[in-house]
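Read the structure below first, then the notes.
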Amino acid sequence: MATEALSSWGGDLASGLVRNSLALLARFISGASVRWLDSQPDTCQRVYFANHTSHLDAVVLWSALPPEVRAVTRPVAAKDYWTAGPIRRFLSGRVFNAILIDRTDIKVHRSPVDLMIREIGHQYSIIVFPEGGRSSGPDVQEFKSGLYYLCRRRPDLELIPVYIDNMNRILPRGEVLPVPLLTGITFGPPMWLEAGEPKHHFLARAREAVRRIQQLRGSS
Numbered sequence: 700m701a702t703e704a705l706s707s708w709g710g711d712l713a714s715g716l717v718r719n720s721l722a723l724l725a726r727f728i729s730g731a732s733v734r735w736l737d738s739q740p741d742t743c744q745r746v747y748f749a750n751h752t753s754h755l756d757a758v759v760l761w762s763a764l765p766p767e768v769r770a771v772t773r774p775v776a777a778k779d780y781w782t783a784g785p786i787r788r789f790l791s792g793r794v795f796n797a798i799l800i801d802r803t804d805i806k807v808h809r810s811p812v813d814l815m816i817r818e819i820g821h822q823y824s825i826i827v828f829p830e831g832g833r834s835s836g837p838d839v840q841e842f843k844s845g846l847y848y849l850c851r852r853r854p855d856l857e858l859i860p861v862y863i864d865n866m867n868r869i870l871p872r873g874e875v876l877p878v879p880l881l882t883g884i885t886f887g888p889p890m891w892l893e894a895g896e897p898k899h900h901f902l903a904r905a906r907e908a909v910r911r912i913q914q915l916r917g918s919s
C-alpha cells in the first residue's frame, strides 16, 4: 500500500514537472502573446472555444492559461491522434488530462457531449474547437452543433471565445516539427446560451464572437 502510494506520488510529481516545463516550451516555441479582452483568467467552470488550424492549438491555448487555471482546464482532443504512441498517450493522459473523443465510434447512445458532461463534473473547464476539423486557412469555419448541445445541457457554463493567430504556419498540415514563429492568443468577453435560443442562432453568434476577435487583432 505504501509503495503504491509513493509510486503514485512520484508519478504525479513527474507529471507536474512535465506539465510546467511543457507549458514554458510551448510558449517559447510559439512566442505567444496573450491578451484578455473584457475578461480575466478565472478558475470558474468555463468552455474555451477557439478556431482550429493546427494540432498544437490545444497545447498552446492551454499553456497560455495561468497555472492555477491550467490545473482545472482539460482540452477535448481526438483520441486517434493523442493515443498514437507512448509519448502522446503520456501527454494526453498524465499532463493535459485531456478528454479524448473517438471520432470513429460516435453513436447516439455514446455521444461526445455525454462524455464531456461526465468528465467535467462541476469542477473542470474545457477547451474545444467547434469547427470540428482543422481549417487550412485563416477563415473561421461554421461551427458544429456539439457546442450548442453541451451548453443546452449545462447552460450555467461560461463561454470564452478565443482566437489563435498564426498556428497554421507554426505547425502546417502534414508537418511533424513546429517552426518557431510569433503567434497571438486572444481571449474575448464571456457569453452564455440564452434561454430558448435556437441552435443556428447560438452557433452563428459564437462563431461571430471568434471572428470579431480576429478582426480586432487584424486592426491592432
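Note that the sequence shown ends on residue 919 in our numbering; no numbers are left out.
Don't be surprised by glycine CBs; every beta carbon is placed ideally from N, CA and C.
query: Start-to-end residues for the alpha helix (DSSP H) that takes in A763; result: D756 to A763
query: Alpha-carbon spacing of V746 relative to M815, whole angstroms; result: 11 Å
query: Candidates D779, T803, V775 and W781: closest to G845 by CA position; result: V775
query: Element boundaries [alpha helix (DSSP H), containing P811]; result: P811 to I819
query: Cβ-Cβ distance between T885 and I912 below 8 Å; result: yes
query: Helix, strand or coil at D779 [DSSP, three-state]; result: helix
query: is_contact[A749, chain D] using C-beta, thresh 8 Å; result: As a matter of chain content, chain D is missing from the structure shown, which is built from one protein chain.
query: Delimiting residues of the alpha helix (DSSP H) encompassing F789; result: P785 to F789
query: Straight-line gap, E893 to D756 (C-alpha atoms, nearest Å); result: 28 Å
query: Cβ shell of I800 (< 8 Å), same chain only, five flanking positions each side left out; result: V775, A776, A777, K778, P811 and L814
query: Separation of P766 from N796, as counted between CA atoms; result: 14 Å
query: Contact check, E857 vs P897, beta carbons under 8 Å; result: no
query: 8 Å Cβ cutoff met for G921 and S732; result: No answer is possible for residue 921: it lies beyond the span of the chain, which begins at 700 and ends at 919.
query: Closest Cα partner of V768 within the set A783, F748, E841 and S824; result: S824
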